[in-house]
Amino acid sequence: MFLVAIIDVGCVSVALRLLPNYKSIVRSTDQLLCLDVMSALALNDHLIEACQLFEHLSSLSKLSAQSWFQYSEWLTSLSKFHEAYEALEQTLRLDSQYNEARLSLSALQKQIGMNEQSQHTLAEVVSRPIKQELNEKTDFHDENDDDDEQQEVTVEKIHLLVERCITLYDQNQLTYFIPCAMQLFFGSIKYLLTIDCSKRLINCGTRARRLELIQKLVDEKRIILNPSYTRINTVLKNRIIDLYGKFCDVLIHVKRHDLLLRVTAAGTVIPFLYARIDWYCLHSFFFFS
-16 MFLVAIIDVG
-6 CVSVALRLLP
4 NYKSIVRSTD
14 QLLCLDVMSA
24 LALNDHLIEA
34 CQLFEHLSSL
44 SKLSAQSWFQ
54 YSEWLTSLSK
64 FHEAYEALEQ
74 TLRLDSQYNE
84 ARLSLSALQK
94 QIGMNEQSQH
104 TLAEVVSRPI
114 KQELNEKTDF
124 HDENDDDDEQ
134 QEVTVEKIHL
144 LVERCITLYD
154 QNQLTYFIPC
164 AMQLFFGSIK
174 YLLTIDCSKR
184 LINCGTRARR
194 LELIQKLVDE
204 KRIILNPSYT
214 RINTVLKNRI
224 IDLYGKFCDV
234 LIHVKRHDLL
244 LRVTAAGTVI
254 PFLYARIDWY
264 CLHSFFFFS
């Protein structure tokens, strides 16, 4: 607990100096506390140290599937794909029903070129009704569609949409990539893409006012913002951020500047996309384009 407190107050360098001594006295019964230390290190971008501590603890005691899954995320972030692969396999050995780990395994397999195996792994998780539902949505309309508004976007659907977007982009099928990306990023909250909403969002002076307006618009529609985006793991978030950048590049390439303006403004509702938006440049683009 002392190490966690030191890290939390910003004295990471002190914690790192104490870490070797901590590892020498840690016992198998200290598992929960040790996991807290690892998480604190990882949150402060000390993934190597977090992984080393995990490896030390795993040699002392049997760790949970959740712990192995977290370890796999750190390894993936460090581009240690072979080790991450093994960690995900260990996760599934401990809990064969851990669907999030299986989805991450599918994504990792695709990343390292095991496309056929990736599809097989994905098929073990994604149900046929969900595939059929997504296959039926081949276009995106600006008008509100009340039938879509209350449909739940699960983590499972997000994974499948990410895989589809990547495939369409790689195959240069931009006509299909654009609506698929729209569905991934916005889904039932597409009413935020109207010209009126975009203008109001851009003209808000501060982030606080912008988020206040978003909540007002959401309340007007009686829609709860999709919680699934807060539950996805870091690896999937990074893939979505990468896709968002490619999506904006595609809109520029096909000269859909009107749509680019609107999707950038509406990106406010997805927190980890919001951080990528340069609102000053967007404001200038809106008034001078």
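Numbered according to our numbering, the sequence shown spans residues -16 to 272.
Glycine included, each C-beta is placed from N, C-alpha and C at the ideal position.
All of these numbers come straight from a predicted model, not from anything done at the bench.
Could you please give the first and the last residue of the uninterrupted alpha helix (DSSP H) stretch that includes residue i?
| i | result |
| --- | --- |
| C187 | Segment: none, C187 is in no alpha helix (DSSP H) and carries neither H nor E. |
| E32 | 30 to 41 |
| F168 | 157 to 168 |
| K229 | 217 to 236 |
| L105 | 98 to 106 |
| I95 | It is not in any alpha helix (DSSP H) - I95 carries neither H nor E in the DSSP assignment. |
| D153 | 138 to 153 |
| Q73 | 64 to 77 |
| L58 | 48 to 60 |
Buried or exposed: residue i, going by 16 or more other Cβ atoms within 10 Å of its Cβ?
| i | result |
| --- | --- |
| D128 | With a pLDDT of 45 at D128, under the threshold of 50, the predicted position of this residue should be treated as unreliable, and no value is reported. |
| A25 | buried |
| T247 | buried |
| H29 | buried |
| H142 | buried |
| S101 | buried |
| S62 | exposed |
| A23 | buried |
| C17 | buried |
| I95 | exposed |
| V237 | exposed |
Under 7 Å, do residue i and residue j count as touching if we go by C-beta distance?
| i | j | result |
| --- | --- | --- |
| S89 | T104 | yes |
| A84 | T74 | yes |
| W51 | C34 | no |
| Y152 | K229 | yes |
| L36 | M21 | yes |
| A48 | L77 | yes |
| L242 | L234 | yes |
| V145 | R222 | yes |
| A70 | Y54 | yes |
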